[in-house]
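S.K.: Residues in the sequence shown are numbered consecutively from 47, following our numbering.
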Amino acid sequence: MLRQVDHNKAQPEQIHLNYQGKAEGSYDSAPRRFFEWVDPRLLEKPSVKQLIAMMNNFNRKTGKVEPRVSPDEEQREISDFLTTILASEPWQILYDFLEEKGHPYAESPSTFRERIQQLWFEHYPRSKGKPDSSGFEHVFIGEVSFR
Numbered sequence: 047m048l049r050q051v052d053h054n055k056a057q058p059e060q061i062h063l064n065y066q067g068k069a070e071g072s073y074d075s076a077p078r079r080f081f082e083w084v085d086p087r088l089l090e091k092p093s094v095k096q097l098i099a100m101m102n103n104f105n106r107k108t109g110k111v112e113p114r115v116s117p118d119e120e121q122r123e124i125s126d127f128l129t130t131i132l133a134s135e136p137w138q139i140l141y142d143f144l145e146e147k148g149h150p151y152a153e154s155p156s157t158f159r160e161r162i163q164q165l166w167f168e169h170y171p172r173s174k175g176k177p178d179s180s181g182f183e184h185v186f187i188g189e190v191s192f193r
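(1) What residues in its chain sit with their C-beta under 7 Å from that of Q96, if we drop five residues either side in the sequence?
(2) Measure the beta-carbon distance from Y151 to F143 and round it to whole angstroms, keeping in mind my assumption that it falls under 8 Å.
(3) When the Cα of Y170 is compared with those of Q164, Q163 and D178, which residue comes out closest?
(4) Using the rule of at least 16 other Cβ atoms within 10 Å of the residue's Cβ for burial, across every protein chain shown, is Y73 buried or exposed?
(5) CB-CB under 6 Å to L76, same chain, minus the five flanking residues each way: which ones, in chain order?
(6) With DSSP collapsed to three states, give me the class of Y65.
(7) Tell me which residues share the same chain as Q60 and place their Cβ nearer than 8 Å to its Cβ, disregarding the 5 neighbours each side in the sequence.
(8) Which one of L132, T108, W137 and F167 has the shortest CA to CA distance from G175?
(9) Which residues bound the beta strand (DSSP E) around F81?
(10) Nearest CA to the CA of F167: which residue from I139, L48, R79 and P117?
(11) Closer than 7 Å by C-beta to P136: which residues in its own chain qualify, once you throw out the five before and the five after it? Chain order, please.
(12) For a minimum of 4 consecutive residues, which ranges assigned as the alpha helix (DSSP H) are wholly contained in the stretch 91-179?
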């Protein structure tokens, strides 16, 4: 249902995917890019532009300190991104569902935003006890473990 109401999603003709092979254990049998082609118009959507702007805030290698743009710039990028996505129909439906169920995250729109920001962007340790990962980074940027 959420995908159906997402007016920001890519249409099938706007992306070409290369599934290649399966990743098993630590072996990746897909040497080429997953996205072979993306319609450039998708890159102009506000949420996509904001996502791309945030990518320089992360280091894909676990156990490494995140590169830092200025803390103010990083917080502005996160805030802009959250403002955009939380105003979208899928996120509004999610909020309404949680509110209907009495979930504490949906106590108010500001609480919801704070909890999403905490879940996605607060750093936690994955390697050597350093707080070097975030949920957002793990899911949307990708992380690589170098031992």
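C-beta: ideal position from N, C-alpha, C; glycine also.
M.R.: This is what the structure holds:
(1) Within the same chain, and ignoring the five residues on either side of Q96 in sequence, the residues whose Cβ sits closer than 7 Å to its Cβ are E123, D126, F127 and T130.
(2) With a beta-carbon spacing of about 11 Å, Y151 and F143 fall beyond the 8 Å limit used to define contacts.
(3) Put simply, of Q164, Q163 and D178 the residue whose alpha carbon is nearest the alpha carbon of Y170 is D178.
(4) That one is exposed.
(5) Here the sequence assigns Ala to residue 76, which means Leu is not the residue at that position. Within the same chain, Cβ atoms closer than 6 Å to the Cβ of A76 are found at Q66 and G67, the five residues on either side in sequence being excluded.
(6) Judged by DSSP in its simplified three-state form, Y65 adopts coil rather than helix or strand.
(7) Here Q60 has V84, D85, R87 and L88 as same chain residues with Cβ atoms under 8 Å from its own Cβ, once five neighbours each way along the sequence are excluded.
(8) Nearest of L132, T108, W137 and F167 to G175, Cα basis: T108.
(9) Per DSSP, F81 belongs to the beta strand (DSSP E) from F81 to V84.
(10) The candidate whose alpha carbon is nearest that of F167 is P117.
(11) Excluding residues within five positions, the ones whose Cβ falls inside 7 Å are L48, V51 and D52.
(12) Qualifying alpha helix (DSSP H) stretches, in chain order: 92-100, 117-132, 135-146 and 155-167.
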